[in-house]
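*Asks:* Chains as they are written, first to last, in our numbering: chain A, 1 to 307; chain B, 308 to 614; chain C, 615 to 921.
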Amino acid sequence: MPPFNRLDWPIAAAMLQFPAVTPKGELVQDQGPDEWAVSLQEVVDAGFIHFDPTDSWLRIADLSEARLEEFLRTVKQVGLSIPAITTARRSVIDPDHGDEYLAYSHRVLDTAARIGAGVVSFGFLRALTPAQQQALWFWTAPGPKDPDDPAVWKLAVTRMQELGRHADEVGVNIALEMYEDTYLGSADSAAAFVRDVNHPRVGLNPDWGNLVRLLRPVERWEAMAEKTLPYAKYWHIKNYFRSEDAATGNVVTAPAPLEFGVINYRKAVRMAIDAGYDAPFYVEHYGGDGLSVSATNREYLRRILPR
Amino acid sequence: MPPFNRLDWPIAAAMLQFPAVTPKGELVQDQGPDEWAVSLQEVVDAGFIHFDPTDSWLRIADLSEARLEEFLRTVKQVGLSIPAITTARRSVIDPDHGDEYLAYSHRVLDTAARIGAGVVSFGFLRALTPAQQQALWFWTAPGPKDPDDPAVWKLAVTRMQELGRHADEVGVNIALEMYEDTYLGSADSAAAFVRDVNHPRVGLNPDWGNLVRLLRPVERWEAMAEKTLPYAKYWHIKNYFRSEDAATGNVVTAPAPLEFGVINYRKAVRMAIDAGYDAPFYVEHYGGDGLSVSATNREYLRRILPR
Amino acid sequence: MPPFNRLDWPIAAAMLQFPAVTPKGELVQDQGPDEWAVSLQEVVDAGFIHFDPTDSWLRIADLSEARLEEFLRTVKQVGLSIPAITTARRSVIDPDHGDEYLAYSHRVLDTAARIGAGVVSFGFLRALTPAQQQALWFWTAPGPKDPDDPAVWKLAVTRMQELGRHADEVGVNIALEMYEDTYLGSADSAAAFVRDVNHPRVGLNPDWGNLVRLLRPVERWEAMAEKTLPYAKYWHIKNYFRSEDAATGNVVTAPAPLEFGVINYRKAVRMAIDAGYDAPFYVEHYGGDGLSVSATNREYLRRILPR
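1) What residues of chain F sit near P564 of chain B, judged by a beta carbon separation below 9 Å?
2) Please work out which residues of its chain come closer than 7 Å, Cβ to Cβ, to L379 of chain B, disregarding the five sequence neighbours upstream and downstream, and give them in chain order.
3) Terminal residues of the continuous alpha helix (DSSP H) containing V689 of chain C?
4) In this structure, how does DSSP classify L58 of chain A when only helix, strand and coil are distinguished?
5) Would you verify that the beta carbon of W364 of chain B is, or is not, closer than 8 Å to some beta carbon of chain A?
6) In this structure, how does DSSP classify I625 of chain C when only helix, strand and coil are distinguished?
7) Measuring alpha carbon to alpha carbon, tell me which of C:M615, C:M629 and C:V733 ends up nearest S908 of chain C.
8) Excluding five sequence neighbours on each side, which residues of the same chain lie with their C-beta closer than 7 Å to the C-beta of A498 of chain B?
9) So who's on the other strand from R620 of chain C, going by DSSP bridges?
10) Return the chain-ordered ranges of every alpha helix (DSSP H) run that is complete within the stretch 19-54 of chain A and spans a minimum of 4 residues.
11) Do the stretch 855-866 of chain C and the stretch 893-900 of chain C make contact, defined as three or more Cβ pairs closer than 8 Å?
12) Is R126 of chain A helix, strand or coil by DSSP?
13) Nearest by alpha-carbon distance to T418 of chain B: which of B:V382, B:A463 and B:D369 is it?
14) For G817 of chain C, report the span of its alpha helix (DSSP H) as first-last.
15) Taking C-beta pairs closer than 7 Å, name the residues in chain C that V293 of chain A reaches, listed in chain order.
16) On a CA-only basis, which of B:T436, B:I392, B:Q441 and B:L375 is nearest A319 of chain B? Give me that one, please.
17) Chain A beta carbons: is any one of them nearer than 8 Å to that of V665 of chain C?
18) Going along chain B, which residues have a C-beta under 7 Å from F18 of chain A?
19) Taking all protein chains shown into account, decide if D34 of chain A is buried (16 or more other Cβ within 10 angstroms of its Cβ) or exposed.
20) In the DSSP output, which residue or residues are listed as bridge partners for W542 of chain B?
21) Using DSSP's beta-bridge definition, name the partner residues of S493 of chain B.
22) Determine whether the Cβ of N878 of chain C lies closer than 8 Å to any Cβ atom of chain A.
23) Can a CB atom of chain C be found closer than 8 Å to the CB of T296 of chain A?
24) Once the 5 residues before and after D708 of chain C are set aside, which same chain residues still bring their CB inside 6 Å of it?
25) Check the C-beta distance from L347 of chain B over to V385 of chain B and give it rounded, since I have them as a contact under 8 Å.
26) Mind listing, in chain order, the continuous alpha helix (DSSP H) runs of no fewer than 4 residues lying wholly within the stretch 436-509 of chain B?
27) If we count Cβ pairs, one from each stretch, closer than 8 Å, do we get three or more for the stretch 516-531 of chain B versus the stretch 568-580 of chain B?
28) Suppose contacts are defined by Cβ-Cβ distances below 8 Å. Is G450 of chain B in contact with Q440 of chain B by that definition?
29) Note the first and the last residue of the continuous beta strand (DSSP E) segment covering T86 of chain A.
30) Report the residues of the stretch 437-461 of chain B with a CB closer than 7 Å to any CB of chain A, ordered along the chain.
31) By DSSP, does V262 of chain A sit in helix, in strand, or in coil?
32) Considering just the uninterrupted stretch of the beta strand (DSSP E) at V826 of chain C, what are its terminal residues?
33) Applying the 10 Å Cβ sphere with the 16-neighbour rule, what's the burial state of A717 of chain C?
34) Just to confirm before moving on: does the CB-CB distance between V172 of chain A and L128 of chain A stay below 8 Å?
35) If you count every other CB in all the chains shown that lies within 10 Å of the CB of M467 of chain B, and 16 or more means buried, which is it?
36) So with CB distances below 8 Å, who are the chain B contacts of R242 of chain A?
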């Protein structure tokens, strides 16, 4: 029996739509609770009762204990709860900031335990290149690549084992986000990486949306699902239209609501649950009104989850 | 006055999303009623009260009478009814299996009459080529083509006349599915074919979605509608995004919900009803979560059908 | 405080889906109220209580007073009201019809005042070329271009000042529609034009959908928003999927519902309201079932407007 049903499965809003710097140039990291409440209220107004304080918006692990308590009070006041914490672009093998991000990752684990979030999403994605920042869709411009170097792979494995031990001590799970051109950039590589880490607390965030949107050949989602769902510990869910011309190889993609894109989440979610998936879902959407589409995606998930 | 309104017009779910072979390698054709009920219950859960036992899922015409009764009991128990039967890729002029599929088509007519389904969809589409099976979207790879040979056209006409006589004896209609590169591959050819058959029981299934998704120039749906709706006896309804660059001729398509695609079904359905259309609708969708999109399409149809 | 909230902000249906000539060859301009009522009832059936009698359907400014009264009675009977009037392809600097369209524009202002519509949309778009008429999507074929000629720009400014004075006398606002290859074809040019007109009654209709659908490089909507929303006096709202390959520059677009397209209207509407926007919205959609998508877009706007 799955631990939740379509009515009570936690479905968390991403905070991707909310930038770290306000239009006035103010850092969200420095805002007071009243200002945080404005963004959180918007999430509530879109119908969410769960959200993930994605660190592209706010690094709650870098708040003082007093400020964290203010934050949690605000979250509670607007009526939200936090089942998970997502980090973005804080690779522990970042060539320039790896050590710093490793220390940060440890703080995130402690914070997750402190606030009762059961899972944290880490990944090897790095800061966007200038070309990616210029692009309408950053995934159509070349980005950083994890090196084809066994020593760096080994370092990544070792650091994840270290984080896994910490996670185990504080009772939190780790999900590693699949992302192109990283060691988690294909289903085979992601599964191999997790097997190398070989720690019961460390699994995958099978975010295939990161891959099916690429303008290059990609593995079919069903094949990726078979390989990666058994390791899933958290799940960033998003979808894309993907046109492929079999005659020319021409590929065009565009962000799509969950129901309409190329990944069949009705089937994928069933496969996940059959494989024992019992963690929250994280609904995100790039392009246009991400919060509204995330809300639409939440309603779709409610329709297709088990009764 | 149309025979139905937006509340009671029969709108049947396709069973395209349900494969003939289960993940465990079991044939649906050999399953017992409890297993059929799982798939049928999923259709019910998506809000359908009508479905079409599309033979890519289950060939009900090939069940023994005892098994057919089990099937019908199951259908009734879950709360579904069957207004029509669709066959797929059983061309009576298939070079290798034409005679076999002709015999099968006769059995389908008898089965339709036996279970009270008023219409059957036949077509000249053939098995997918290996290249089509490999493609993300099979319609972007070249498929079989009906020969430019008057003798084969004549054979197709003769066999449809034979099936038309049988259909008339048992009180069932035949709708021929428009499909690229067959004798029903354009509005003009489809209309000419039906006129050659010249039997009141034999009309068209104006499935323009099969055509507007092609990455080649295609006739505008309005022109196809004028030519084919007067012959419509059943209707596979689906839609596509279709981008065409007038300057370069570049075409990109993707599966779309009915409301959002290039075919204006509000207008098409009105044209059909004005032309006397009184048969069920069949909602299908390739790509992603076809059952959910089919349910969304059903709700759209309910909104635009006459009060 | 914005003057309306999500429940009562006027959101007008476009009449783009309704052609000026019926399938039987009859001009809507010559129809009687019973025939107008059929189209208006369809708008009501789609859930609208406001509509804009777009003049591609019916030129209400060219009705006699008796006929206009019939029209208004019909509008009232079906339960609609008219917050604005949109003109299409009646450029006051049209090389062949500029004088005629100027006179017509004056009549439109008087009619708007007569019927209590607070704003009129004018623009410099011209009749579609034959290539545009042939195209599936007219904006993918080259269209007329406003000349790079200061004398014509000056004439355009002068005529808009003249219309602005008239508008002021009768208490109506003028919104100039952003449209490619006209003097209102980019955010910078549109803002410069309005500043040249320099009349408090004359502002913009920031219809960025006209631009983001183009298969050429276009400015990001956020940048256009900053430049044009301060001048907005009416707003044609529509959205598009827009795929851009940063590596090749390849662009593909397709009409999209407001919620799903590249422009984030949640953010854009907030920016507009922060800049003082207090006029109605006009929901339109090209391609497929424009009326249904417009209704879907209306519901989306209701969700994201201020409580």
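Ideal Cβ positions, reconstructed from N, Cα and C, are used throughout, including at glycine.
Since we're looking at a predicted model, the values are computed, not measured.
*Replies:* According to the structure shown:
1) You won't find chain F in this structure, because its protein chains are A, B and C.
2) I422
3) E679 to V692
4) coil
5) no
6) strand
7) C:M629
8) K534, T535 and Y538
9) For R620 of chain C, which the question treats as bridged, DSSP gives no partner whatsoever.
10) 33-45
11) no
12) coil
13) B:D369
14) Where G817 of chain C is concerned, there is no enclosing alpha helix (DSSP H), although the beta strand (DSSP E) it sits in stretches over V816 to N819.
15) E873 and F874
16) B:I392
17) For the sequence presented, residue 665 of chain C should be read as Phe rather than Val. With 8 Å as the cut-off, F665 of chain C does not count as an interface residue toward chain A.
18) What F18 of chain A touches in chain B: nothing, since even the nearest Cβ is about 28 Å away.
19) exposed
20) B:F588
21) Answer is none; S493 of chain B lacks a bridge partner.
22) yes
23) yes
24) Y715 and R740
25) 5 Å
26) 437-441, 457-477 and 494-504
27) yes
28) no
29) A84 to T86
30) A438, A442, L443, W444, T447 and A448
31) coil
32) That residue, V826 of chain C, is in no beta strand (DSSP E); its alpha helix (DSSP H) goes G823 to V826.
33) exposed
34) no
35) buried
36) L443 and A561
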